[in-house]
Ligand SMILES: Nc1nc2c(ncn2[C@@H]2O[C@H](COP(=O)(O)OP(=O)(O)OP(=O)(O)O)[C@@H](O)[C@H]2O)c(=O)[nH]1
Ligand SMILES: [Mg+2]
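In structure tokens:
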């Protein structure tokens, strides 16, 4: 068995930052985690990837092709399809090491996760290669601090869940950037009672809300009935916060339960930590 986090979410939500944060955090506890860059347009990330899709195809290749004439969005989809057509390449690059733990840093084009088939196909491949996968959906906490935004973020998270059909965690990123009052507001949403949030929205004087109150209500019911949509806050400046997220995801993919947790081979074993794992 191998373990994977599929790190997805809208553009700029903090996926690459999350990957390097987890990587560093794991390293500090002498645990081996690798990151695979699946973003063919990536220009900057501060981790050393195990595999980099840009070695197979770069977004510019798709956009500069005289025949294809793709723009950035179509080009990205084309790159992901090219990856699928070259599964052998990916398989070889990933190797086949039992108990590997890999983060897949995905592109920020939301339709890849909500309705296009290409990521779903990639997931099927990874499962064939014995990966146990958790989808980690990142959403910028600044876009979640009022009722309407929260609902729309929740709907995005739900469509990803329904499309990918995998264990799933939603993470609110950039918590360090929230003001105290915004943080307080957000706390109401962390373990959401949709009806409280809807009541919030009714207080907003808006004709749209008046007209579509029933729709909003129905969406609230869906969220509640699924009772799947939960958000975990992440503050990358707080080690405990990072640790909590990692433990949550490890539990979901049952990492460490039936595997020997891989630790780095250091010359001098630290007697204090020995036997902890
Ligand atoms: N303060 C703060 N900034 C963050 C955090 N996470 C990401 N950022 C910043 O937000 C911007 C986007 O972060 P990325 O990690 O590149 O986001 P991404 O989701 O990988 O973006 P794309 O790959 O373009 O979709 C960068 O300027 C980051 O430095 C965070 O937790 N706190
Ligand atoms: Mg990125």
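Residue numbers (the numbering used here): 15 to 291.
Positions of the beta carbon are idealized from the N, C-alpha and C atoms, including for glycine.
Membership of residue 246 in any alpha helix (DSSP H) is not indicated; the residue belongs instead to the beta strand (DSSP E) covering 245-247.
Three or more beta-carbon pairs separated by less than 8 Å are not found between the stretch 39-52 and the stretch 141-148, which leaves the two stretches without contact. Within the same chain, 159 come within 6 Å of residue 199 by CB-CB distance, once the 5 residues on both sides are set aside. Contact check between the stretch 49-66 and the stretch 80-95: three or more CB pairs, one atom from each, fall below 8 Å, which counts as touching. Short note on residue 151: C-beta not closer than 8 Å to any heavy atom of ligand 1. Annotation: residue 70 to residue 97 spans about 8 Å, alpha carbon to alpha carbon.
The C-alpha of residue 67 is placed about 22 Å away from the C-alpha of residue 81. Note on geometry: alpha-carbon atoms of residue 18 and residue 33 lie some 12 Å from one another. At a cut-off of 8 Å, the beta-carbon of residue 29 counts as near ligand 2: some heavy atom of the ligand is closer than that. Proximity of the stretch 159-168 to the stretch 130-139 falls short of the contact definition, fewer than three beta-carbon pairs being nearer than 8 Å. C-alpha of residue 247 to C-alpha of residue 136: approximately 27 Å in a straight line. Within the model, the alpha-carbon separation for residue 26 versus residue 106 is close to 30 Å. The alpha-carbon separation between residue 197 and residue 224 amounts to approximately 27 Å. Residue pairing for residue 184: DSSP places it in a beta bridge opposite 151 and 245.
With a threshold of 16 other beta carbon atoms within 10 Å, residue 76 meets it and is buried.
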